[in-house]
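For reference, each letter of the sequence shown is one residue, going 1 to 150 in UniProt numbering.
Notes for the one structure printed next.
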Amino acid sequence: MHFTGKDIDQYLQQQEYVDTAVIPLVQLDLSANGMKPSASGSDYLQSLTNLLEKQFKGRILLFPPVSYPKGADRSRVAAELKEEMGKTGFKHVFYMTTDAEWRTLPELNNVLWLPAIPTENMDQSFKLSVMEDQLRQVLPLFISEWSQPS
């Protein structure tokens with residue numbers, strides 16, 4: 001499910017089955033040299049998380065990307081996200097990002113860092129194949145988390 005009005009209505013009716021939140025973390029680098037890689041990473045991450053949501057519709061609620069400037073205090077952002085997500089009934093919260101700095105923060109569990117793959121010049125069938133390969137690498141992490149005793 002997506003964080004949209006229509007899907008949230010469905011989520012509210014079925015929230016006992018939707019136990020996992022996925023939050024993409026997107027760095028905004030608006031410098032002359034950083035804008036293209038930042039946009040490319042955002043495109044890649046959104047494509048991958050949309051594919052993940054499609055695979056697990058009914059179990060995952062995909063939140064909109066949390067965008068933050070390159071110089072943001074990630075510890076503060078992490079603490080705020082953790083506090084906000086703590087108010088929900090999600091048993092599992094995953095943060096997905098192409099920004100390696102998130103891996104070093106102790107505030108968040110289940111941070112999945114993926115190197116951004118520039119997909120903007122790929123034809124659709126090849127892009128889908130690449131995204132499916134990436135998804136196969138991420139799935140065991142979700143399954144492992146889901147199989148942990150509560």
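Note that the Cβ used here is the ideal one computed from N, Cα and C, for glycine as well.
Can you tell me whether ALA21 is buried or exposed? The criterion is at least 16 other CB atoms within 10 Å of its CB, across all chains shown. So ALA21 counts as buried.
When you compare the CB positions of TYR44 and THR104, do they come within less than 7 angstroms of one another, or not? Cβ distance not < 7 angstroms, so TYR44 and THR104 don't count as in contact.
Residue 184, enclosing alpha helix (DSSP H) - first and last residue: Lying before the first or after the last residue shown, residue 184 is absent from the chain, which here runs from 1 to 150.
Look up PRO140 in the DSSP assignment and say whether it is helix, strand or coil. Looking at PRO140 - three-state DSSP - the assignment turns out to be helix.
Going by beta-carbon coordinates alone, are GLU107 and LYS91 separated by less than 7 angstroms? A distance of 7 angstroms or more separates the beta carbons of GLU107 and LYS91.
Three or more C-beta pairs under 8 angstroms: does that hold for the region 66–73 against the region 27–41? Segments in contact, yes.
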